[in-house]
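Numbering (mature numbering (1 follows the signal peptide of the UniProt record, and there is no 0)), first residue to last: -25 to -1, 1 to 233.
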Ligand SMILES: Cc1cc2nc3c(=O)[nH]c(=O)nc-3n(C[C@H](O)[C@H](O)[C@H](O)COP(=O)(O)OP(=O)(O)OC[C@H]3O[C@@H](n4cnc5c(N)ncnc54)[C@H](O)[C@@H]3O)c2cc1C
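1. Output yes or no for whether 8 Å exceeds the beta carbon distance between residue 132 and residue 105.
2. Could you check if residue 221 is buried or exposed, using at least 16 other CB atoms within 10 Å of its CB as the buried criterion?
3. Within the chosen definition, does the region 155 to 162 reach the region 44 to 60 through at least 3 CB pairs nearer than 8 Å?
4. DSSP beta-bridge partners for residue 212?
5. Around the Cβ of residue 215, are there at least 16 other Cβ atoms within 10 angstroms (buried) or fewer (exposed)?
6. Measure the Cβ-Cβ separation of residue -11 and residue 129 and say whether it is below 8 Å.
7. For residue 38, which of helix, strand or coil comes out of DSSP?
8. Alpha carbon to alpha carbon, what distance is there between residue 141 and residue 201?
9. Under the three-state reduction of DSSP, which class applies to residue 47: helix, strand or coil?
10. Can residue -14 be considered in contact with ligand 2, in the sense that its beta carbon sits closer than 7 Å to one or more heavy atoms?
11. From what residue to what residue does the beta strand (DSSP E) around residue 9 run?
12. By the 10 Å Cβ neighbour count, where 16 or more other Cβ atoms means buried, how is residue 31 classified, buried or exposed?
13. In the structure shown, what three-state DSSP assignment does residue 88 receive?
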């Protein structure tokens, strides 16, 4: 039974796994992602660090635990993270492939989460709002309302996304300073908000793709025997359609190898 690994459980990786499962029930299929808690067939907290060629198979290393061997590997992680992978992988891709991957660029932004005590009222009539008149803040959501999980037992939470120009300008600034600036600007948009019980400011270095590689829409085959390919919104565009297009291109290329 061929062993297939999909790295990344974002939209592209998940779609690709579901499609692959549909066309071939006889594969061992694993999905590894560095984030969250594990579920069936999807192994989370599996951050891939290194890929080596061993006896005609890919030996894939993760941050913790033993490496595992696979016949085929599909990378759906952001392109800059593909380029950071260590091991034989770094020498096996051609200079042309490397240049194409290096040409993929992303916008950057920050996200700020504000968490409130149960029973706190955030008195606005909307669940989410695009902001067009602020240099720092682009989007605010009452996140529990947006997700339709309002409850008297769990406090509300606010999520704020910054504009890309703000994200780029402050990319290397301290999180503490950036958090303070966002909070100051938020006061102009939603004055008099209650005091949150917890705040989380997250740098989003690779947010949305601004330009992809010219010659390989949808996916890029990095190695033939054993088969290694990459896809994701970096090879199409940053939206749901882009992920579907990439997953379909990955599947089409994979079909000849499973
Ligand atoms: C602010 C913002 C707003 C957006 N709004 C919309 C919208 O309204 N509508 C829309 O259609 N799209 C929207 N998008 C775009 C959409 O979210 C992306 O196009 C989509 O999430 C990309 O999916 P992906 O699977 O290709 O990549 P990702 O979602 O980036 O998934 C990659 C996965 O790989 C994992 N990973 C990374 N490195 C490793 C590693 N070394 N080992 C293991 N796992 C790893 C990550 O944890 C992640 O889960 C938005 C994006 C942003 C940033």
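Where a beta carbon is used, it is the ideal one built from N, C-alpha and C, also for glycine.
With the structure as the only source:
1. For the purposes of this step, residue 132 is taken as the residue at position 157 of the chain shown. For the purposes of this step, residue 105 is taken as the residue at position 130 of the chain shown. No, the pair does not count as a contact, with Cβ atoms beyond the cut-off.
2. As a first step, residue 221 must be located in the chain shown, where it is residue number 246. Using a 10 angstroms sphere on the CB of residue 221, the tally of other CB atoms reaches 16 or more, which defines it as buried.
3. No contact exists between the region 155 to 162 and the region 44 to 60.
4. Indexing the chain shown from 1 puts residue 212 at position 237. Here residue 212 is not bridged, per DSSP, to any residue.
5. As a working mapping, residue 215 is identified with position 240 in the chain shown. The residue is exposed, with fewer than 16 neighbouring Cβ atoms inside 10 Å.
6. Translated into positions along the chain shown, residue -11 becomes position 15. Translated into positions along the chain shown, residue 129 becomes position 154. Contact flag unset, no.
7. For the purposes of this step, residue 38 is taken as the residue at position 63 of the chain shown. Reduced to three states, the DSSP call for residue 38 is coil.
8. Working through the chain shown from its first residue, we reach residue 201 at position 226. Working through the chain shown from its first residue, we reach residue 141 at position 166. Their backbone Cα atoms lie some 43 Å apart in a straight line.
9. Taking the first residue of the chain shown as 1, we reach residue 47 at position 72. Reduced to three states, the DSSP call for residue 47 is strand.
10. As for ligand 2, it is missing from this structure, which binds only ligand 1.
11. Along the chain shown, read from residue 1 onward, the residue named residue 9 stands at position 34. Where residue 9 is concerned, there is no enclosing beta strand (DSSP E), because DSSP gives it neither an H nor an E.
12. On the chain shown, residue 31 is found 56 positions in, with the first residue counted as 1. Exposed, because fewer than 16 other Cβ atoms sit within 10 Å of the Cβ of residue 31.
13. In the chain shown, counting from the first residue as 1, residue 88 sits at position 113. Note: residue 88 maps to strand in three-state DSSP.
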